[in-house]
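*Asks:* Using UniProt numbering, read the sequence shown as starting at 1 and increasing by one per residue.
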Amino acid sequence: MLPRLIRWIDALNTAISNAAMWLIIPLAGVMLYDVLMRYCFNAPTLWGAELSMMIFGVYMIYAGPSSILQKVQVGVDIFAARLSPRVRAVVNCLTYAFTFTFFAGLFYTSALYAVESWQLRELSSSAWGQPVYHLKALIPVAVLLMLLQSLAEFLRNFHLARTGGELP
Numbered sequence: 001m002l003p004r005l006i007r008w009i010d011a012l013n014t015a016i017s018n019a020a021m022w023l024i025i026p027l028a029g030v031m032l033y034d035v036l037m038r039y040c041f042n043a044p045t046l047w048g049a050e051l052s053m054m055i056f057g058v059y060m061i062y063a064g065p066s067s068i069l070q071k072v073q074v075g076v077d078i079f080a081a082r083l084s085p086r087v088r089a090v091v092n093c094l095t096y097a098f099t100f101t102f103f104a105g106l107f108y109t110s111a112l113y114a115v116e117s118w119q120l121r122e123l124s125s126s127a128w129g130q131p132v133y134h135l136k137a138l139i140p141v142a143v144l145l146m147l148l149q150s151l152a153e154f155l156r157n158f159h160l161a162r163t164g165g166e167l168p
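#1: Among C93, W22 and M31, which residue has its Cα nearest to the Cα of L155?
#2: Assuming T14 contacts L69 under a Cβ cut-off of 8 Å, what Cβ separation, rounded to an integer in Å, is found between them?
#3: Ordered along the chain, which non-local residues of its own chain (more than five positions away) have a Cβ less than 6 Å from that of residue 173?
#4: Leaving out five residues before and five after A80 in sequence, what residues of the same chain have Cβ atoms less than 6 Å from its Cβ?
#5: When the Cα atoms are used, what is the spatial distance from G57 to F98?
#6: Which residues mark the beginning and the end of the alpha helix (DSSP H) in which W118 is found?
#7: Where do the N-terminal and C-terminal ends of the alpha helix (DSSP H) with F79 fall, by residue?
#8: For I9 and G29, what's the separation of their Cα atoms in angstroms?
#9: Give me whichever residues DSSP pairs with P131 in a beta bridge.
#10: If contacts are defined as beta-carbon pairs under 8 Å, then V143 and F100 qualify, I think. What distance do you get, rounded to the angstrom?
#11: Taking the alpha-carbon positions, what's the S124 to L145 distance?
#12: Look up T45 in the DSSP assignment and say whether it is helix, strand or coil.
#13: Starting from L23, follow the alpha helix (DSSP H) in both directions and report where the run begins and ends.
#14: With C-beta atoms as the reference, is P3 less than 8 Å away from L112?
#15: Can you tell me whether DSSP reads M1 as helix, strand or coil?
#16: The ligand SAM and A114: does the residue's C-beta get closer than 7 Å to at least one heavy atom of that ligand?
#17: Measure the Cβ-Cβ separation of A114 and K136 and say whether it is below 8 Å.
Written as structure tokens, this is what we have:
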């Protein structure tokens with residue numbers, strides 16, 4: 001049951017990050033169009049810079065769970081490299097306990113932020129005045145995915161600390 005849950009979380013975050021990676025194409029298109037309009041035709045857009053920030057923001061927040069899965073976040077390896085795999089797993093479990101606390105607080109805060117934004121039907125403060133409440137609703141979803149991926153990593157490390165072996 002535990003390996004199945006972990007594989008499901010891994011697959012979910014992999015699928016979402018693979019989908020989010022395609023946002024680079026419209027981002028490049030928007031930026032190219034904006035630059036061409038500004039410098040070649042002297043007709044800058046009202047929306048180009050803001051839309052590119054919105055697309056990039058979504059791209060980056062959905063890279064978070066994938067970075068946890070792929071273990072590419074910054075770590076202090078000079079200490080961890082000297083530990084046995086089981087002791088390192090115990091240290092990782094303690095680290096993930098702090099991570100859960102952080103992500104739980106971030107989820108709560110971002111959910112309140114998103115709800116308020118939806119209630120106000122919040123618009124950007126730029127001249128374009130684009131709605132942003134739908135984008136702010138994506139923040140707690142991304143945090144929840146990071147929390148789930150952290151749970152999967154905690155369970156992997158807990159199993160390693162307890163048994164000395166990797167999960168199947």
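Where a beta carbon is used, it is the ideal one built from N, C-alpha and C, also for glycine.
*Replies:* Quick answer:
#1: C93
#2: 7 Å
#3: No statement about residue 173 is possible, as the shown extent of the chain runs from 1 to 168 and does not include it.
#4: R88
#5: 25 Å
#6: P85 to L120
#7: D77 to A80
#8: 32 Å
#9: L123
#10: Wrong, their Cβ atoms sit about 12 Å apart, outside the cutoff.
#11: 26 Å
#12: coil
#13: Neither: L23 is in no alpha helix (DSSP H) and is coded neither H nor E.
#14: no
#15: coil
#16: Ligands in the displayed structure: none, and consequently the ligand SAM is not present.
#17: In contact: A114 and K136 (Cβ atoms closer than 8 Å).
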